[in-house]
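Here the structure comes first, spelled out in structure tokens, and everything after it is commentary.
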Amino acid sequence: MNDRTALISPSLLSCDFAQIARDVEMIEAAGADWLHVDVMDAHFVPNLTIGPPVVKAISRVATVPLDVHLMISEPARYAEAFAKAGAHVLTFHWEVAPSLEEARAVIAAFRDAGIEKVGVSVKPDTPVEPLAELFDEVDLILVMSVVPGFGGQSFMGEVLDKVRWLRGQGYQGWIEMDGGINAETIALCAEAGTDVFVAGSAIFGAEDIPATIAQFRSTAAERMHVG
Ligand code: DX5
Ligand code: ZN
9 MNDRTALISP SLLSCDFAQI ARDVEMIEAA GADWLHVDVM DAHFVPNLTI GPPVVKAISR
69 VATVPLDVHL MISEPARYAE AFAKAGAHVL TFHWEVAPSL EEARAVIAAF RDAGIEKVGV
129 SVKPDTPVEP LAELFDEVDL ILVMSVVPGF GGQSFMGEVL DKVRWLRGQG YQGWIEMDGG
189 INAETIALCA EAGTDVFVAG SAIFGAEDIP ATIAQFRSTA AERMHVG
């Protein structure tokens with residue numbers, strides 16, 4: 009048994025960008041706990057999405073926390089811009105600051121900018137072990153279950169071992185999984201120790217979005233309490 013709560017963070021990458029405000033209101037009414045915002049710079053990842061002005065616009069209509077996933081090369085440089093834009097959780101990639109010294113500099117920049125919850129993420133091929141030294145310094149570890157860059161990819165089950173390892177080491181913070189989450193894969197993630205679940209295509213592409221979020225939440229909650 010544990011007392012973790014399942015948090016569902018729909019990825020706005022799969023919303024209609026011409027109707028962001030409408031989709032934010034719709035997805036919140038449908039039960040979203042957080043809103044996952046994917047920021048890509050066409051450098052760290054091949055895709056290019058949105059920046060601080062659009063995050064700020066989203067924060068004007070959002071009432072739940074913005075969970076901003078930075079897939080960019082120089083996260084510290086933009087800490088203040090994203091803090092001012094209304095990011096609540098701000099996550100950077102370990103691969104762009106791959107030493108404790110560099111990662112700590114990014115974390116400090118985020119905290120100095122006033123970010124409440126700091127996250128660090130690893131791509132599917134990046135080992136998670138170095139993050140053990142940062143357990144007390146971050147609020148969230150985002151384990152990517154697809155190669156970052158695009159929505160709609162298939163879940164890579166091999167990354168579940170990273171989640172088990174983190175919990176086995178006694179990490180108590182949030183573990184978020186991102187990529188290819190659907191009604192089946194969410195159960196595996198929850199069993200392994202994940203408590204924040206990002207889903208883009210499986211939620212925005214669902215016929216009944218409130219029912220899908222409710223089903224994700226109940227499946228996750230059930231499986232989180234198995235182990
Ligand atoms: C991918 C992004 C994800 C993406 C997930 O690089 O980080 O947040 O939106 O999309 P799905 O749920 O469709 O795999
Ligand atoms: Zn993401």
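Going left to right, the sequence shown walks through residues 9 to 235 as our numbering numbers them. Cβ coordinates follow ideal geometry from the N, Cα and C atoms, glycine included.
{"Check": "Output yes or no for whether 7 Å exceeds the beta carbon distance between ALA14 and ALA191.", "Outcome": "no"}
{"Check": "Quick check: what's the CA-CA separation for ASP11 versus LEU108?", "Outcome": "30 Å"}
{"Check": "Put ASP31 into one of helix, strand or coil per three-state DSSP.", "Outcome": "helix"}
{"Check": "In this structure, what does DSSP give as the bridge partners for THR99?", "Outcome": "HIS77 and GLY127"}
{"Check": "Is it right to say THR71 is buried, meaning 16 or more other beta carbons lie within 10 angstroms of its own, or is it exposed?", "Outcome": "exposed"}
{"Check": "Which residues count as close to the ligand ZN when the rule is a CB under 6 Å from any of its heavy atoms, in chain order?", "Outcome": "SER19, HIS44, ASP46, HIS77, ASP186 and VAL206"}
{"Check": "Can you tell me whether DSSP reads TRP173 as helix, strand or coil?", "Outcome": "helix"}
{"Check": "Please tell me whether, using a cut-off of 6 Å, the distance from the CB of LEU21 to the nearest non-hydrogen atom of the ligand DX5 is below it.", "Outcome": "yes"}
{"Check": "Would you list the one or two residues that DSSP bridges to ASP147?", "Outcome": "According to DSSP, which records beta bridges pairwise, ASP147 is partnered with nothing at all."}
{"Check": "How about GLY127: is its Cβ closer than 6 Å to a heavy atom in the ligand DX5?", "Outcome": "no"}
{"Check": "In its own chain, which residues sit with a C-beta less than 8 Å from the C-beta of ILE149, not counting the 5 before and 5 after it?", "Outcome": "GLY127, VAL128, SER129, VAL130, VAL136, LEU139, LEU174, TYR179, GLY181, TRP182, ILE183 and GLU184"}
{"Check": "List, from N- to C-terminal side, the beta strand (DSSP E) runs of 3 residues or more that fit wholly inside the stretch 36-67.", "Outcome": "43-48"}
{"Check": "Excluding five sequence neighbours on each side, which residues of the same chain lie with their C-beta closer than 6 Å to the C-beta of ILE123?", "Outcome": "ALA91 and LEU98"}
{"Check": "Tell me whether SER67 counts as near the ligand DX5, meaning its Cβ is closer than 6 Å to at least one heavy atom of that ligand.", "Outcome": "no"}
{"Check": "Among residues of its own chain, excluding the 5 on either side of MET79, which ones have a beta-carbon nearer than 6 Å to its beta-carbon?", "Outcome": "MET48, PHE52, VAL53 and PRO156"}
{"Check": "Can you give the Cα-Cα distance for GLY159 and GLY187, rounded to whole angstroms?", "Outcome": "7 Å"}
{"Check": "With a threshold of 16 other CB atoms inside 10 Å of the CB of VAL151, please say whether the residue is buried or exposed.", "Outcome": "buried"}
{"Check": "What residue from VAL114, SER209, ILE194 and PRO61 has the CA that sits closest to GLU82's CA?", "Outcome": "VAL114"}
{"Check": "State the Cα-Cα distance for the pair LEU21 and GLN177, rounded to the nearest angstrom.", "Outcome": "32 Å"}
{"Check": "Please state whether DSSP places ASP120 in a helix, a strand or coil.", "Outcome": "helix"}
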